[in-house]
Amino acid sequence: MSIQVKFFASLREQVGLSDSTIEQASTAAEVWDLATNKQQQPDNLVVAINLEYAKLNSSVNDGDEVAFFPPVTGG
Amino acid sequence: MSIQVKFFASLREQVGLSDSTIEQASTAAEVWDLATNKQQQPDNLVVAINLEYAKLNSSVNDGDEVAFFPPVTGG
Amino acid sequence: MVMKSPFFHPLLVADMAAIISEDYFEPWQLISEHQQKSELAKQFGATATFVGSMRDFNDDAHVSEMLLEHYPEMTQRYLEKLEHDAKQQWPIIDCLIAHRVGHIKPADAIVVIACWSAHRRAALDACNWLIEQLKFNAPFWKKESRPDGDVWVEHNTAG
Amino acid sequence: MVMKSPFFHPLLVADMAAIISEDYFEPWQLISEHQQKSELAKQFGATATFVGSMRDFNDDAHVSEMLLEHYPEMTQRYLEKLEHDAKQQWPIIDCLIAHRVGHIKPADAIVVIACWSAHRRAALDACNWLIEQLKFNAPFWKKESRPDGDVWVEHNTAG
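Chains as they are written, first to last, in our numbering: chain L, 1 to 75; chain V, 1001 to 1075; chain D, 2001 to 2159; chain B, 3001 to 3159.
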């Protein structure tokens, strides 16, 4: 069992991680705590689970990919 | 003293005139009557005086150019 | 039309163009060339364009050709006025309007509008406004060649 | 992405493309080439486009270069979803979205959106909707090289 975790852009630099694998978690918030060693969440944190936007209290399952990133600035 | 009169598109074909010069008139409606020999005005008649949109009761002066045309269909 | 005035801020010098052409033009090439002429390439961040082109059918009838009549002095003046009015309403850096007249073949571009601005809202809104104004007010008229003869288009579609 | 299905009406077969490119592209050439590939040239009467390009300043600071990071799998999927959703809402015949990633120089195109439709309202509205959705939801992030160092852009402008 494992969950893939990814960080992007300024958040990747702040957290100091680009990706990580954790064993098990029940919500995206728990994924954050485990992957970052409980670093404080920024106010504008964005979460995606399996390439779809999600919430911090969204549930995660074995094999999921959970991504954390700041507000997007493309276009 | 003279007023230049122009007709465009389907109206030009209906009236049978592309341009005309009349001696004198006080309004665009009077220009129409003189230039077309009092043909009936179509409902959707558009009028321009000196290249600006105007009304049938707009006044005309010596040297003016008065144009009559149907609704525009460019673009 | 080139507008240059010592009273304009250098970054806002406009090089607006209103072109009425009897000859075929390739719309993207026209836009690209206008943009390359401009010295403002690094100033604008947004370009919005609209191209209206000839379809080979209308009202379910096949259209083999189109004749576009206009009121030359008034169209030129009106298109330049539109560009001027757009610049009064939005912070546009540059603006291009081109319109065909005469004989037009299916798939030919009939009208091209392009607006360059620092940010997207001004470019998009001005482009949208310009095509609506042009459609309902610029003195052009279309006559379509259909299987049963030539027919004047009576009114533009609402959209 | 090419979508073809025997259940589509032939006239409505779409050849939508969502391109993410590390390499420079000339936006008008990209649009022109996409249009030429299409066999629908005589079917569409309206093309609306938006091009977002890099300015050499932001927040009054000079920007010499930009690095565009993205979340590759999610961006590709999201841009294709946007095109699909646009086609659900408007009668679009064809649609193109292209977005740069990696190192970008001033005046380079960053994003290109083009929508082809029979009539102007659908093309203009879909193009406008697509750029807004992309700006606020597609997972791209800009880092600007300024005189005092590299700075992540914190949020997009409202327009």
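For glycine and all other residues, C-beta sits at the position ideal for the given N, C-alpha and C.
Give a yes or no on whether the minimum CB-CB distance between A1067 (chain V) and chain D is below 8 Å.
Along the second sequence, read from residue 1 onward, the residue named residue 1067 (chain V) stands at position 67. Cβ-Cβ to chain D under 8 Å: yes for A1067 (chain V).
Would you mind telling me which residues of chain L sit closer than 8 Å to K3142 (chain B), beta carbon to beta carbon, in chain order?
Translated into the one-based positions of the fourth sequence, residue 3142 (chain B) becomes position 142. Within 8 Å Cβ-Cβ: T73, G74.
What is the DSSP secondary structure of F2044 (chain D), counted as helix, strand or coil?
For the purposes of this step, residue 2044 (chain D) is taken as the residue at position 44 of the third sequence. Residue state, collapsed to three classes: coil.
Any non-hydrogen atom of the ligand COA within 7 Å of A2107 (chain D) CB:
Of ligands this structure carries none, so the ligand COA is not represented either.
Taking the alpha-carbon of Q1039 (chain V) as reference, which of V:L1011, V:I1022, V:S1002 has the nearest alpha-carbon?
Here the question's residue 1039 (chain V) lines up with position 39 in the second sequence. With distances taken between Cα atoms, Q1039 (chain V) lies closest to V:L1011.
So I2097 (chain D) packs on L2079 (chain D), CB below 8 Å; how close in whole Å?
Locating residue 2097 (chain D) in the third sequence gives position 97, counting from the first residue. Locating residue 2079 (chain D) in the third sequence gives position 79, counting from the first residue. Confirmed, about 5 Å.
Cβ-based neighbour list, H3062 (chain B), same chain, cut-off 7 Å, excluding 5 preceding and 5 following:
Your numbering for residue 3062 (chain B) matches position 62 in the fourth sequence. Correct list, in chain order: D3056, R3146, P3147.
Please decide whether D3023 (chain B) counts as near chain L, where near means a Cβ-Cβ distance under 8 Å.
Within the fourth sequence, numbered from 1, the residue matching residue 3023 (chain B) stands at position 23. Taking Cβ atoms only, chain L never reaches closer than 8 Å to D3023 (chain B), which makes this a no.
Any beta carbon of chain B sitting closer than 8 Å to that of F7 (chain L)?
Here residue 7 (chain L) is taken as the residue at index 7 of the first sequence, counted from 1. It does not; no Cβ of chain B falls within 8 Å.
Closest by CA to N3156 (chain B), which one among D:L2130, D:R2121, D:E2132, D:T2157?
Start at 1 with the first residue of the fourth sequence, and residue 3156 (chain B) comes out as number 156. Considering only alpha carbons, the answer is D:R2121.
Quick check on the burial criterion: 16 or more other C-beta atoms within 10 angstroms. Buried or exposed for Q3035 (chain B)?
Along the fourth sequence, one-based indexing puts residue 3035 (chain B) at 35. Classification of Q3035 (chain B): buried, given that the 10 Å Cβ count is 16 or more.
State yes or no: is the beta carbon of L45 (chain L) nearer than 8 Å to at least one beta carbon in chain B?
Counting from one through the first sequence, the residue named residue 45 (chain L) turns up at place 45. By this cut-off, L45 (chain L) is not an interface position.
Length of the line joining the Cα atoms of A3109 (chain B) and D2023 (chain D):
For this step, residue 3109 (chain B) is matched to residue 109 along the fourth sequence. For this step, residue 2023 (chain D) is matched to residue 23 along the third sequence. A3109 (chain B) and D2023 (chain D): Cα-Cα distance of roughly 29 Å.
When the Cα of T2979 (chain B) is compared with those of B:E3154, B:K3135, B:V3153, B:G3149, which residue comes out closest?
As displayed, chain B neither begins before 3001 nor continues past 3159, which places residue 2979 (chain B) out of reach and without an answer.
Under the three-state DSSP convention, the category E3083 (chain B) falls into
For the purposes of this step, residue 3083 (chain B) is taken as the residue at position 83 of the fourth sequence. Note: E3083 (chain B) maps to helix in three-state DSSP.
Please work out which residues of its chain come closer than 6 Å, Cβ to Cβ, to G3052 (chain B), disregarding the five sequence neighbours upstream and downstream, and give them in chain order.
Position 52 of the fourth sequence, counting from 1, holds the residue named residue 3052 (chain B). Taken in chain order, the residues that qualify are I3110, V3111.
Under 8 Å between C-beta atoms of V1005 (chain V) and I1022 (chain V)
Here residue 1005 (chain V) is taken as the residue at index 5 of the second sequence, counted from 1. Here residue 1022 (chain V) is taken as the residue at index 22 of the second sequence, counted from 1. In this structure, I1022 (chain V) lies closer than 8 Å to V1005 (chain V) by Cβ.
Assuming I3031 (chain B) and W2028 (chain D) make a contact with CB atoms under 8 Å, what is their CB distance in whole Å?
Residue numbering aside, residue 3031 (chain B) sits at position 31 when the fourth sequence is read from its first letter. Residue numbering aside, residue 2028 (chain D) sits at position 28 when the third sequence is read from its first letter. Between W2028 (chain D) and I3031 (chain B) the Cβ distance is about 5 Å, and since that is below 8 Å, they are a contact.
Using a threshold of 8 Å, state whether the C-beta atoms of W2129 (chain D) and F2044 (chain D) are closer than that.
Against the third sequence, residue 2129 (chain D) aligns to sequence position 129. Against the third sequence, residue 2044 (chain D) aligns to sequence position 44. Not in contact: W2129 (chain D) and F2044 (chain D) (Cβ atoms no closer than 8 Å).
Under 8 Å, do A2141 (chain D) and T1073 (chain V) count as touching if we go by C-beta distance?
Looking up residue 2141 (chain D) in the third sequence gives position 141. Looking up residue 1073 (chain V) in the second sequence gives position 73. The identity of residue 2141 (chain D) in the sequence shown is Trp, whereas the question assumes Ala. At the C-beta level, W2141 (chain D) and T1073 (chain V) come within 8 Å of one another.
Assuming the contact rule is C-beta atoms closer than 8 Å, A2048 (chain D) and F3050 (chain B) should be a hit. Round their C-beta distance to whole Å, please.
Reading the third sequence from its first residue, position 48 is the one you call residue 2048 (chain D). Reading the fourth sequence from its first residue, position 50 is the one you call residue 3050 (chain B). Contact flag correct, Cβ pair sits at about 5 Å.
Quick one: Cα of P2010 (chain D) to Cα of D1019 (chain V), how far?
Working through the third sequence from its first residue, we reach residue 2010 (chain D) at position 10. Working through the second sequence from its first residue, we reach residue 1019 (chain V) at position 19. Low confidence applies here, because P2010 (chain D) scores a pLDDT of 37, under 50, leaving its location unreliable; read the following figure in that light. Roughly 45 Å between the two C-alpha positions.
In the DSSP assignment, the beta strand (DSSP E) including W2136 (chain D) goes from what residue to what residue?
Looking up residue 2136 (chain D) in the third sequence gives position 136. Checking the displayed sequence, the identity of residue 2136 (chain D) turns out to be Phe instead of Trp. Careful: F2136 (chain D) lies outside any beta strand (DSSP E), inside the alpha helix (DSSP H) at 2120-2137.
Measure the Cβ-Cβ separation of A3046 (chain B) and A3118 (chain B) and say whether it is below 8 Å.
Here residue 3046 (chain B) refers to the residue found at position 46 of the fourth sequence. Here residue 3118 (chain B) refers to the residue found at position 118 of the fourth sequence. Yes, Cβ-Cβ distance for A3046 (chain B) and A3118 (chain B) is below 8 Å.
Taking only beta-carbon positions, decide if L97 (chain L) is within less than 8 Å of chain B.
Missing from the structure shown is residue 97 (chain L); chain L here goes from 1 to 75 and no further.
Give the residues from the region 3042-3060 of chain B that approach chain L closer than 7 Å (Cβ to any Cβ), ordered along the chain.
G3052
For A1025 (chain V), which residues in the same chain have their Cβ closer than 7 Å to its Cβ, ignoring the five residues on either side in sequence?
If you number the second sequence from 1, residue 1025 (chain V) lands on position 25. Counting only Cβ-Cβ distances below 7 Å, and skipping sequence neighbours, we find I1003, V1031, L1034, V1060.
Near-chain B residues of the region 2106-2118 of chain D - C-beta to any C-beta below 8 Å
P2106, A2107, A2118
Can you give the Cα-Cα distance for V3151 (chain B) and D3059 (chain B), rounded to whole angstroms?
For the purposes of this step, residue 3151 (chain B) is taken as residue 151 along the fourth sequence, with counting starting at 1. For the purposes of this step, residue 3059 (chain B) is taken as residue 59 along the fourth sequence, with counting starting at 1. For V3151 (chain B) and D3059 (chain B), the distance between alpha carbons rounds to 12 Å.
Quick check: V1049 (chain V) and A1029 (chain V), are their CB atoms within less than 8 Å of each other?
Indexing the second sequence from 1 puts residue 1049 (chain V) at position 49. Indexing the second sequence from 1 puts residue 1029 (chain V) at position 29. Residue 1049 (chain V) is actually Ile in this sequence, not Val. Contact flag unset, no.
Backbone secondary structure at M2003 (chain D) - three-state DSSP
What you label residue 2003 (chain D) is simply residue 3 of the third sequence in a count that begins at 1. Interpretation of M2003 (chain D) is limited by its pLDDT of 38, a score under 50 that renders its predicted location unreliable; the figure taken from the coordinates is listed afterwards. Strand.
Measure the C-alpha to C-alpha separation of I3093 (chain B) and H3084 (chain B) and round it to an integer number of angstroms.
As a first step, residue 3093 (chain B) must be located in the fourth sequence, where it is residue number 93. As a first step, residue 3084 (chain B) must be located in the fourth sequence, where it is residue number 84. Spanning the two alpha carbons is a distance of roughly 12 Å.
Can you tell me whether G16 (chain L) is buried or exposed, with buried defined as 16 or more other CB within 10 angstroms of its CB?
Position 16 of the first sequence, counting from 1, holds the residue named residue 16 (chain L). Exposed is the call here.
With a threshold of 16 other CB atoms inside 10 Å of the CB of D1043 (chain V), please say whether the residue is buried or exposed.
Indexing the second sequence from 1 puts residue 1043 (chain V) at position 43. Result: exposed.
Whole-angstrom distance between K3081 (chain B) and S2064 (chain D), CA atom to CA atom:
Along the third sequence, read from residue 1 onward, the residue named residue 2064 (chain D) stands at position 64. Along the fourth sequence, read from residue 1 onward, the residue named residue 3081 (chain B) stands at position 81. So the alpha carbons of these two residues sit roughly 37 Å apart.
What does the alpha-carbon distance come out to for the pair A1009 (chain V) and E2073 (chain D)?
Residue mapping note: residue 1009 (chain V) aligns to position 9 of the second sequence, counting from 1. Residue mapping note: residue 2073 (chain D) aligns to position 73 of the third sequence, counting from 1. Approximately 15 Å, taken between the alpha carbons.
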